[in-house]
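Heads up: the sequence shown at position 1 corresponds to 136 in the numbering used here, and the numbers run straight through without jumps. Each residue gets a CB set at the ideal place from its N, CA and C atoms; glycine is no exception. Beneath this line is the structure, given in structure tokens, with notes to follow.
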Amino acid sequence: MTNRVGLAVTLLGVLLLVTSSVGVSTVVLERGVEIEVVDDDAAMVGFETHEQSVSTENGSEEAPVDLITVTNRAERSLNLTVDESDAGISTNANDSIDAGENETITADVTCDTVGDEPSTIDLTLSGDGITIERTIDVTPCNG
Numbered sequence: 136m137t138n139r140v141g142l143a144v145t146l147l148g149v150l151l152l153v154t155s156s157v158g159v160s161t162v163v164l165e166r167g168v169e170i171e172v173v174d175d176d177a178a179m180v181g182f183e184t185h186e187q188s189v190s191t192e193n194g195s196e197e198a199p200v201d202l203i204t205v206t207n208r209a210e211r212s213l214n215l216t217v218d219e220s221d222a223g224i225s226t227n228a229n230d231s232i233d234a235g236e237n238e239t240i241t242a243d244v245t246c247d248t249v250g251d252e253p254s255t256i257d258l259t260l261s262g263d264g265i266t267i268e269r270t271i272d273v274t275p276c277n278g
């Protein structure tokens, strides 16, 4: 009888091991993360804003202005997308920023089409597992 009990316990143990591993083969979890931006010289991406008020020179209606310098401190290149949704603003941004490099985004602002309200430019930086978005306000021309 002890042989039967031992065999029964062994079979029950094997059965429990087999059935518990059959239920789930893989689990995929996604977690959204929002990170607040703070000043940090060692951050993965650095942003240095410039004076964003446009002053026209000698009565011209178009003025170049440096909006922001983006520094890529990541170990890989980041793709850069610039959305110039407001009329009167066009930028010279490259499509990507290499690791360890920086990019100053300059805009040509046409004062007669910007109007009296601030205009906005949306920046998106993306790479493997990283997306950073930033909105820049450009104040009206004060020529």
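- Taking C-beta atoms as the reference points, residue 240 and residue 202 count as a pair closer than 9 Å.
- If you draw a straight line from the Cα of residue 237 to the Cα of residue 206, it comes to about 4 Å.
- Residue nearest to residue 219 within the set 270, 150, 180 and 144 is 270 (criterion: CA-CA distance).
- Residue 235 is classed as exposed because its beta carbon has fewer than 16 other beta carbons within 10 Å across all chains shown.
- Going by C-alpha positions, residue 214 is about 22 Å away from residue 200.
- A straight line joining the alpha-carbon of residue 212 with that of residue 262 spans about 7 Å.
- Following the DSSP letters along the chain, one finds residue 214 inside the beta strand (DSSP E) bounded by residues 213-218.
- Around the C-beta of residue 258, 16 or more other C-beta atoms lie within 10 Å, and the residue is accordingly described as buried.
- Looking from the CA of residue 260, the closest CA among 141, 179 and 138 belongs to 179.
- Apart from sequence neighbours up to five positions away, the residues of its chain that approach residue 177 with a beta-carbon distance below 8 Å are 208, ordered along the chain.
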